[in-house]
Ligand code: ATR
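As structure tokens, this is what we get:
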């Protein structure tokens, strides 16, 4: 039986096993997907020992997405440009790192709107933001980054060849169609990085936070009549992309969507 895992620390709250197990059941795949709690100090040892010998692949989560790159044999171009790995493929003992977060965000958007040629405002300039900017730039969107720390947004914009806004106040909300929250603001707290007055009905709001699913960011957007995309969509679609890489099979996203709510 093929073994897969999600590597993180802490790891109890990861939803990856339930999503992938649902795919195994649906497509009759003989495989197992577990959570492995690996402390940062034990990462190298785990990868070179047990993982290389026993596992066919892994999902990688906080806090290992950047650090893990040092310990892999090969990193594909997308992950290199993003600067983080969220997926490992063990190809006969050779560990290959890639990143499906950007594709997941792109596919999540596609459930509601094609980002091509759209003006998109990305709030936040951390790791998740990097993956999303990479994918949306590739998809032909016009991206602007705004961040609490302006300097980080400016650096990121230069690196990816997109725009940066100095502050939220300097932004004309009407100039954007899609607004994406990539910050942790709204996670387990009733707060939004944007003012309620930001929103109007023509907007599409996308929050990558999925705990809670209805964040204040999305609530305010809905109140103003805008369309919304919840965080489960990105989680499911990045997992669907992993599923394709590991098993070379297309799984209906609906299967993982259902598993998310179980
Ligand atoms: P991840 O890798 O999950 O994207 P991260 O790298 O820690 O997380 O990035 C967090 C992002 O959320 C950053 O853009 C951060 O802004 P700063 O660069 O100013 O730190 C943003 N962020 C976190 N807490 C915030 C808050 N209370 N208000 C506004 N932005 C916040």
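Residue numbers (the numbering used here): 1 to 262.
We put the beta carbon where it would ideally sit given N, CA and C, even for glycine.
The structure displayed is predicted, hence computed values, not measured ones.
With 16 or more other CB atoms across the displayed protein chains lying within 10 angstroms of its CB, residue 87 is buried. Membership of residue 231 in any beta strand (DSSP E) is not indicated, and neither H nor E is assigned to it by DSSP. DSSP, reduced to helix, strand and coil, places residue 176 outside both helices and strands of the structure shown, so it counts as coil.
Within the chosen limit of 7 Å, the ligand ATR does not reach the beta carbon of residue 108 with any heavy atom. Shown here, residue 181 sits in a strand according to DSSP, grouped into three states. Nearest to residue 82 by C-alpha distance, out of 102, 74 and 186, is 102. In chain order, 6, 8, 35 and 61 place their CB closer than 7 Å to the CB of residue 14, counting only its own chain and leaving out the 5 sequence neighbours on each side. With 6 Å as the limit, the residues whose C-beta approaches a heavy atom of the ligand ATR more closely than that are 124, 125, 126, 127, 128, 129, 147, 148, 149, 152, 182, 183, 184, 185 and 193, in chain order.
One Cα belongs to residue 160, the other to residue 133, and the distance between them is close to 8 Å. When the five nearest sequence neighbours on each side are left out, the beta carbons in the same chain lying within less than 7 Å of the beta carbon of residue 43 are those of 64, 67, 68 and 71, in order along the chain. Look at the beta carbons and you see the stretch 116-123 not touching the stretch 91-107: under three pairs across the two are nearer than 8 Å. Secondary structure at residue 207: strand, using DSSP grouped into helix, strand and coil.
In this structure residue 56 is in contact with residue 246, their Cβ atoms being roughly 7 Å apart against a cut-off of 8 Å. Within the same chain, 74 and 89 come within 6 Å of residue 96 by CB-CB distance, once the 5 residues on both sides are set aside. Per DSSP, the unbroken beta strand (DSSP E) holding residue 2 starts and ends at 2-8. In the structure shown, residue 62 falls within a coil segment according to DSSP collapsed to helix, strand and coil.
The way I'd put it, the stretch 151-160 doesn't touch the stretch 211-230; fewer than three beta-carbon pairs between them come closer than 8 Å. In the DSSP assignment, residue 150 falls outside any beta strand (DSSP E) and lies within the alpha helix (DSSP H) extending over 150-160.
For residue 192, the closest of 208, 244 and 23 by C-alpha to C-alpha distance is 208. DSSP places residue 107 in the uninterrupted alpha helix (DSSP H) bounded by 101-110. Residue 226 and residue 199 do touch by the CB rule: their CB atoms are close to 5 Å apart, below 8 Å. Annotation for residue 77: the continuous alpha helix (DSSP H) segment containing it runs 77-82.
The straight-line gap separating the alpha-carbon atoms of residue 148 and residue 175 is approximately 20 Å. The alpha-carbon separation between residue 84 and residue 150 amounts to approximately 22 Å. About 7 Å separates the Cβ atoms of residue 164 and residue 144, confirming a contact at the 8 Å cut-off.
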